[in-house]
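Everything below concerns the one structure shown next.
4 protein chains.
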Amino acid sequence: MERHSDHRQHTLEHENISLKEKYLFIRKYSEEICKPLEQEDYVVQPTVDVSPPKWHLAHTTWFFEEFILCKYDKDYKRFNSKFSYLFNSYYNTVGDRVLRLDRGNMSRPTVEEIYQYRKYVDDHMLELLDYLPAEANYVLEVGFNHEQQHQELLFTDIKYILGHNPLFPPYKTGFVETLYPEINNTFAFIPEGEYTIGYSGYGFSYDNEHGVHRVLLKPYHIRKSLVTNQEYLDFINDGGYTRWEYWHSDGWEWVKQNNITAPLYWYSIEGKWYRYSLSGLETLNRDEPVTHISFYEASALAAWKGMRLPTEFEWEAAADQFNWGQRWEHTNSAYLPYPGYSKPDGALGEYNGKFMVNTMVLRGASVATPPNHSRKSYRNFFYPQLRWQFNGIRLCKDNQ
Amino acid sequence: MERHSDHRQHTLEHENISLKEKYLFIRKYSEEICKPLEQEDYVVQPTVDVSPPKWHLAHTTWFFEEFILCKYDKDYKRFNSKFSYLFNSYYNTVGDRVLRLDRGNMSRPTVEEIYQYRKYVDDHMLELLDYLPAEANYVLEVGFNHEQQHQELLFTDIKYILGHNPLFPPYKTGFVETLYPEINNTFAFIPEGEYTIGYSGYGFSYDNEHGVHRVLLKPYHIRKSLVTNQEYLDFINDGGYTRWEYWHSDGWEWVKQNNITAPLYWYSIEGKWYRYSLSGLETLNRDEPVTHISFYEASALAAWKGMRLPTEFEWEAAADQFNWGQRWEHTNSAYLPYPGYSKPDGALGEYNGKFMVNTMVLRGASVATPPNHSRKSYRNFFYPQLRWQFNGIRLCKDNQ
Amino acid sequence: MERHSDHRQHTLEHENISLKEKYLFIRKYSEEICKPLEQEDYVVQPTVDVSPPKWHLAHTTWFFEEFILCKYDKDYKRFNSKFSYLFNSYYNTVGDRVLRLDRGNMSRPTVEEIYQYRKYVDDHMLELLDYLPAEANYVLEVGFNHEQQHQELLFTDIKYILGHNPLFPPYKTGFVETLYPEINNTFAFIPEGEYTIGYSGYGFSYDNEHGVHRVLLKPYHIRKSLVTNQEYLDFINDGGYTRWEYWHSDGWEWVKQNNITAPLYWYSIEGKWYRYSLSGLETLNRDEPVTHISFYEASALAAWKGMRLPTEFEWEAAADQFNWGQRWEHTNSAYLPYPGYSKPDGALGEYNGKFMVNTMVLRGASVATPPNHSRKSYRNFFYPQLRWQFNGIRLCKDNQ
Amino acid sequence: MERHSDHRQHTLEHENISLKEKYLFIRKYSEEICKPLEQEDYVVQPTVDVSPPKWHLAHTTWFFEEFILCKYDKDYKRFNSKFSYLFNSYYNTVGDRVLRLDRGNMSRPTVEEIYQYRKYVDDHMLELLDYLPAEANYVLEVGFNHEQQHQELLFTDIKYILGHNPLFPPYKTGFVETLYPEINNTFAFIPEGEYTIGYSGYGFSYDNEHGVHRVLLKPYHIRKSLVTNQEYLDFINDGGYTRWEYWHSDGWEWVKQNNITAPLYWYSIEGKWYRYSLSGLETLNRDEPVTHISFYEASALAAWKGMRLPTEFEWEAAADQFNWGQRWEHTNSAYLPYPGYSKPDGALGEYNGKFMVNTMVLRGASVATPPNHSRKSYRNFFYPQLRWQFNGIRLCKDNQ
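Protein sequences, first through last, are from chains A, B, C and D. All residue numbers for the first sequence refer to my numbering, where the first residue is 2 and numbers rise by one. All residue numbers for the second sequence refer to my numbering, where the first residue is 2 and numbers rise by one. All residue numbers for the third sequence refer to my numbering, where the first residue is 2 and numbers rise by one. All residue numbers for the fourth sequence refer to my numbering, where the first residue is 2 and numbers rise by one.
What follows is the structure, given as structure tokens:
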């Protein structure tokens with residue numbers, strides 16, 4: 002079964018569009034995501050894991066400037082020589098970086114200047130695309146996928162910014178975070194056997210999903226639908242957050258130190274549950290798949306159900322058996338290299354490998370993932386205590 | 002000798018202007034201070050001691066709404082019932098407060114909405130001023146002085162926001178932080194005797210300067226001019242920041258833990274000293290009075306000179322002997338109540354008394370202080386490690 | 002009225018004992034204080050403000066070694082050359098220091114070795130005292146007073162160590178923290194006038210109490226007895242810790258951040274109040290003067306009573322009107338230099354002056370102060386949030 | 002090849018000793034480890050990851066009291082009812098726990114009392130062992146292995162305590178941390194294939210190594226000897242700690258924030274390298290296997306060599322090809338459950354499963370591991386930033 006088609010208008014409908022069309026399509030989509038924002042919303046950074054929208058707009062632009070224009074356009078002059086310093090992210094190979102914490106303190110460059118920066122780079126890119134050498138194609142594809150990843154971050158970070166504002170302003174009235182109900186609570190059975198893992202197609206893919214290899218799996222059952230808000234509420238009402246036996250040691254410390262009692266964006270007001278979604282603060286819909294829960298919470302809920310989370314291999318081996326794509330799905334796999342993995346040389350080498358410790362793998366895609374960006378072999382990763390992604394819980398159990 | 006007249010245009014030239022004129026004058030000045038800002042500059046809060054300009058604009062407005070309109074205008078309807086919560090500062094008497102740290106994360110209400118809020122409150126205030134009962138006059142005066150204090154904070158906070166931006170944007174080209182040179186390095190001699198301290202005039206004054214009383218002073222010498230950048234550089238070059246013997250114990254810890262090596266806003270670039278002023282990043286002018294130094298630094302410099310800082314009483318007794326008004330002047334007096342001081346009842350009671358521990362007294366006024374706001378008996382206060390005020394150093398020594 | 006005589010056996014009964022007798026008496030008393038300890042009690046440091054008893058025993062010994070033996074005994078060889086580094090405290094003039102935080106991690110040198118160190122230094126000192134030049138007399142007196150100050154710290158730190166042990170072991174059964182009841186709740190009236198402040202006698206005194214000077218005081222009333230546990234309980238029961246209006250801004254933050262609800266060492270067990278004293282965990286005696294309260298708490302209680310704390314000058318001017326000596330008494334005076342104060346040169350110059358910021362003055366003496374150590378002009382100092390001293394509250398009010 | 006026999010005297014030479022003999026043997030060994038200690042060494046806790054030796058002695062005793070005596074000896078009376086609270090570790094199922102941080106502040110119970118506690122429990126255990134029901138055998142074995150794990154912790158924690166004391170006292174002169182040289186730098190080749198992982202013998206083993214399963218491995222080469230101090234020095238001298246490209250993102254932050262420049266216990270004194278070992282501070286022996294390096298450092302060194310760390314499966318599949326047992330060996334495997342793993346019910350259920358997030362697997366054994374305690378399938382785990390274990394680096398590389 003394929004990932005469900007959704008309400009999102011902006012799909013790259015056929016693969017054989019031109020590079021220019023693709024470039025424009027992707028670049029334009031980032032700006033469309035920001036259209037409902039007030040200018041002030043572009044600027045703030047309420048927590049270290051979230052970046053201001055204007056930073057995303059500039060950083061994705063810097064990527065094309067740094068890795069394509071500066072390399073392949075001999076006459077190119079940077080828009081502003083300081084931007085390389087300001088809008089670099091984690092690429093240690095490209096000089097000094099601004100401390101991440103400071104991003105939310107930078108009122109300048111202004112939003113207007115950043116849109117000018119985008120236009121300037123786009124104009125030069127469109128010219129360059131006519132005669133870009135083939136060797137640059139891979140970096141260009143990385144640039145596209147990089148911008149798509151930041152499109153997803155734009156959604157999550159905008160949600161964090163508006164969802165932590167005491168006025169709870171909606172991002173867009175009618176925005177739907179759940180595209181279709183997940184009602185099939187039956188389990189698919191996957192027999193013991195050898196399964197192939199990793200990306201073996203011809204399209205773009207990341208280095209972390211290469212190294213196709215076979216794994217041996219024991220038989221297991223995996224649920225066809227995600228855990229719902231109602232099920233999560235049952236866990237809460239059964240004292241889930243107060244019973245250590247369901248939690249990892251670090252998860253239990255996290256619950257106690259941060260006084261966690263519900264998913265992010267849930268608010269109990271006068272005895273009634275609400276949740277902030279991108280359409281505003283609304284009564285909790287109990288049939289939606291739960292979202293904004295940490296790995297610790299996902300794992301505790303599964304333990305409370307007497308089940309467990311799937312490994313990323315179990316997930317990939319079974320992915321054709323269920324609908325996926327509404328939530329990034331927690332797995333019980335640490336984010337580690339596949340056999341034979343080696344970091345590419347140079348700046349792009351940092352992209353994935355350096356995060357392969359302390360993070361857990363998320364599989365699937367979410368309602369905020371740009372269309373055509375994810376695939377069955379895609380490996381997303383997340384620290385186990387974080388919650389600002391649109392992530393969800395799929396249950397798994399052994400064959401007994 | 003009186004405080005030097007300066008370049009600032011917006012003076013209340015005569016005392017007998019109408020209350021409406023005064024109201025409009027003061028309210029308009031806050032907005033004029035903000036005119037050179039980009040919209041993004043209104044939003045950010047780079048450190049906990051600094052507030053976003055839009056917060057200042059809203060908070061001063063809230064003061065008039067809360068303490069005058071809501072009390073004396075029967076038909077008044079609040080602009081937005083949540084603003085009382087959002088723009089209260091430290092007034093514990095008026096319900097819950099937003100955590101100060103969060104001010105810089107609030108993209109909403111927008112700058113535009115806050116200007117609408119100002120207009121709404123101003124319109125109602127101007128109507129009300131025609132028939133405001135006399136009992137409200139004191140609170141109205143507090144509102145004026147309160148807004149003037151925030152006008153000074155607008156300058157200091159804007160400086161912090163722009164001066165910590167890697168692009169070092171000027172606030173206003175040609176803005177002058179030193180209105181006149183201070184070149185008279187001679188000392189005034191003040192003989193032993195009994196001196197009167199505190200405010201005894203008829204104008205507005207704060208409770209903290211009431212309780213006029215006599216103090217006995219030993220003879221002392223006090224310098225007519227402030228310490229210059231050149232003198233401070235000499236201190237630095239003589240190892241001032243590396244010699245514990247000049248420092249308080251807490252000051253020495255502060256230097257080491259924060260790796261302090263120069264005043265705030267000083268930058269050494271390729272062996273040459275620069276300082277950020279509101280007119281931009283410029284070569285250090287060595288004849289200007291040094292500014293943006295903490296009490297610890299002021300005290301260490303004085304010790305290095307073999308002198309000391311004056312007490313606030315010594316300052317007040319000698320103030321007619323020298324020009325003052327360019328920098329808030331560090332004193333070696335802790336901020337404590339005068340004899341007979343008691344906090345007023347109600348919300349305004351919090352204004353001063355609650356800060357009377359852990360802070361040190363600053364005397365005088367600075368280039369950022371609104372005209373007519375300060376006076377010889379005015380008691381400003383500041384934590385000993387902070388530096389974002391336009392403060393300076395006046396030397397004092399015993400008669401030997 | 003003089004400070005009440007007490008149960009403490011070890012008094013220097015007459016002033017004309019020999020220096021050797023005095024030396025031995027004081028040195029022996031430190032060791033007697035430690036007699037009830039288990040060896041393990043000498044080692045730990047439960048909080049940064051408390052030092053392990055073995056550190057006190059070594060540090061006071063180091064003082065005589067460093068400032069007397071090394072200077073005046075030509076043939077002296079240090080017991081262990083590393084001890085200078087290990088047992089220095091804050092004397093920046095004598096080389097590098099161990100981080101204070103690490104004191105509680107040092108299992109070596111052992112307690113036994115430290116007693117050997119004491120004996121070694123004592124033996125050499127007793128020899129040297131026969132021919133010590135007169136110029137050394139002042140430093141010797143500082144050494145005596147320094148050790149006496151650490152004797153008081155031995156009591157407070159032992160109390161902290163045992164009083165934070167879950168087994169609540171008594172230090173010494175029958176140890177009395179309140180020597181006599183304070184039952185005279187009347188107020189002494191002190192008329193307006195000029196009063197002399199500071200030490201002008203011939204005995205030992207610290208530089209911080211020199212600079213005798215006159216101050217002008219307004220009339221006031223000061224209570225003859227200290228605030229009792231019962232009065233403090235009334236404050237608690239009236240919601241004292243939940244009503245911001247009685248607190249300084251910093252005090253209120255301290256209460257909330259540390260969840261303070263009672264004095265240090267008070268425990269509410271099944272609805273009944275207990276307090277840990279050096280004789281063990283016992284039912285709260287409501288007639289004792291309250292102790293182990295911070296300046297913030299003392300000030301809040303006074304505000305709740307509609308009164309205030311005395312200044313240190315008011316305290317000194319009135320001290321002959323009441324019994325004092327059971328508790329160090331909080332004053333509303335910041336610890337600042339007297340007129341004409343200047344730090345002595347060299348290592349001893351650090352003794353007092355460097356603490357003259359951020360601390361408040363305590364006056365009087367406590368049950369843990371060695372006999373003959375304090376006097377009416379003695380200026381003790383303490384950070385406003387700390388509570389491990391035996392401090393108490395004396396109320397003051399203006400004449401109305 | 003089997004784990005090399007070593008100098009350690011106290012081996013359980015044959016398996017068919019009686020339970021009583023085994024009990025006594027293991028219990029006595031803990032006390033022998035502590036024999037060289039001074040009493041003060043038992044008490045301190047220099048960092049949160051290290052426990053005071055007296056705590057280990059009491060905690061292992063509490064295990065037998067809690068899980069065997071209280072359950073199987075009807076007449077048993079606890080030695081002290083508070084000890085259950087004081088010496089519980091992480092077993093959330095057995096009531097409240099002392100905060101780990103506080104362990105180093107507890108001077109009481111004394112070392113003497115803890116030895117009395119051990120004797121009391123031992124006496125009762127020896128009586129009980131005569132008629133202990135068979136169902137208790139597993140818990141008894143857990144108790145033995147639990148005490149052995151703490152014997153290893155006694156070595157590592159004593160090293161931390163003495164190795165962070167400025168006097169660098171030796172634990173035991175002549176103590177050897179490297180039992181035999183590792184000089185065979187050749188690589189074993191392991192062909193592609195299916196390998197069996199997990200414990201399938203009849204002896205004691207932990208739940209985390211059960212769930213025997215097959216894994217598919219790609220071909221690889223694994224080095225027969227561990228990385229030496231000399232090789233690690235080469236890494237340092239080549240700028241290893243200053244070149245981000247060898248590090249994980251979190252590892253790089255760790256290096257910078259903690260200013261890491263060498264393994265734990267290495268000291269560069271006047272240009273010469275020393276390391277503290279349990280025999281004292283000595284010149285660095287360049288031929289010894291490097292130890293006390295974090296996962297981050299191990300991984301960076303491997304990257305610098307152009308190689309990588311083995312996975313725990315690669316390690317286990319190859320373990321018969323090399324000597325192991327001198328150092329716990331870092332693997333690039335996160336500590337996660339084997340297929341079919343489920344936590345046992347009750348208190349023992351917490352033993353392993355709750356740590357299965359954020360930690361990495363160590364394989365092998367170290368010079369501090371009690372004889373007969375480890376085995377090829379044994380899974381130890383450690384946070385990636387910690388260094389106080391005797392861990393080492395084994396290199397691995399793909400077949401190319």
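Just so you know, even glycine gets a beta-carbon here, dropped at the ideal spot from N, CA and C. These numbers were taken from a predicted model, which means no experiment stands behind them.
For residue 357 (chain D), the three-state secondary structure derived from DSSP is coil. Using a CB distance cut-off of 8 Å, residue 216 (chain A) counts as an interface residue toward chain D. Membership of residue 269 (chain A) in any alpha helix (DSSP H) is not indicated; the residue belongs instead to the beta strand (DSSP E) covering 267–270.
Apart from the 5 residues on each side of it in sequence, residue 340 (chain A) sits with its Cβ closer than 8 Å to the Cβ of 212, 214 in its chain, given in chain order.
Under DSSP, residue 274 (chain B) shares a beta bridge with B:269.
If you draw a 10 Å sphere on the C-beta of residue 209 (chain D), you find 16 or more other C-beta atoms in it, and that means buried. For residue 104 (chain C), the nearest beta carbon of chain D is not closer than 8 Å to its own beta carbon.
By the rule that beta-carbons nearer than 8 Å mark a contact, residue 357 (chain A) touches chain D. Cβ-Cβ distances below 7 Å link residue 396 (chain A) to 224, 228, 303, 306, 308 in the same chain, with the five nearest sequence neighbours on each side left out; the list follows chain order.
With distances taken between CA atoms, residue 147 (chain A) lies nearest to A:59 out of A:133, A:71, A:59.
Along the segment 237–267 of chain C, going in chain order, the ones with a CB nearer than 8 Å to a CB of chain B are 245, 246, 248, 249, 250, 251, 252, 253. The C-alpha of residue 141 (chain B) lies about 25 Å from the C-alpha of residue 383 (chain B).
Rounded to whole angstroms, the separation of the alpha carbons of residue 285 (chain D) and residue 20 (chain D) is 43 Å. With contacts defined by Cβ atoms closer than 8 Å, residue 122 (chain A) and residue 70 (chain A) form a contacting pair. Proximity of chain D to residue 335 (chain A) at the Cβ level (cut-off 7 Å) is accounted for by 335, 337, in chain order. The count of Cβ pairs closer than 8 Å, one atom from the segment 120–134 of chain C and one from the segment 63–81 of chain D, stays below three, leaving the stretches out of contact.
Between residue 183 (chain B) and residue 110 (chain B), the CB-CB gap reaches or exceeds 8 Å. Per DSSP, residue 389 (chain A) lies in no beta strand (DSSP E) and is assigned neither H nor E.
Looking at A:259, A:258, A:282, A:257, the one whose alpha-carbon comes closest to that of residue 267 (chain A) is A:282.
Taking the Cβ atoms as the reference, residue 330 (chain B) lies roughly 5 Å from residue 364 (chain B), within the contact range of under 8 Å. The C-beta of residue 184 (chain B) comes no closer than 8 Å to any C-beta of chain A.
Taking residue 353 (chain A) as the centre and dropping the five residues before and after it, the same chain places the C-beta of 207, 208, 209 closer than 7 Å to its C-beta, in chain order. The DSSP-derived three-state label of residue 248 (chain B) is coil.
In this model, residue 239 (chain D) and residue 51 (chain D) are separated by some 32 Å (Cα to Cα).
Per DSSP, residue 334 (chain C) is one residue of the beta strand (DSSP E) stretching across 329–335. Rounded to the nearest whole angstrom, the C-alpha separation of residue 55 (chain C) and residue 114 (chain C) is 10 Å. Taking the Cβ atoms as the reference, residue 45 (chain C) lies roughly 6 Å from residue 162 (chain C), within the contact range of under 8 Å. Annotation: the continuous alpha helix (DSSP H) that includes residue 158 (chain D) extends over 138–164. Using a Cβ distance threshold of 8 Å, residue 310 (chain B) and residue 295 (chain B) do not count as a contacting pair. In this structure, DSSP gives residue 54 (chain D) a helical state, which the three-state scheme calls helix. Around residue 202 (chain B), the same chain offers no residue with a beta carbon nearer than 6 Å, after the five sequence neighbours per side are excluded.
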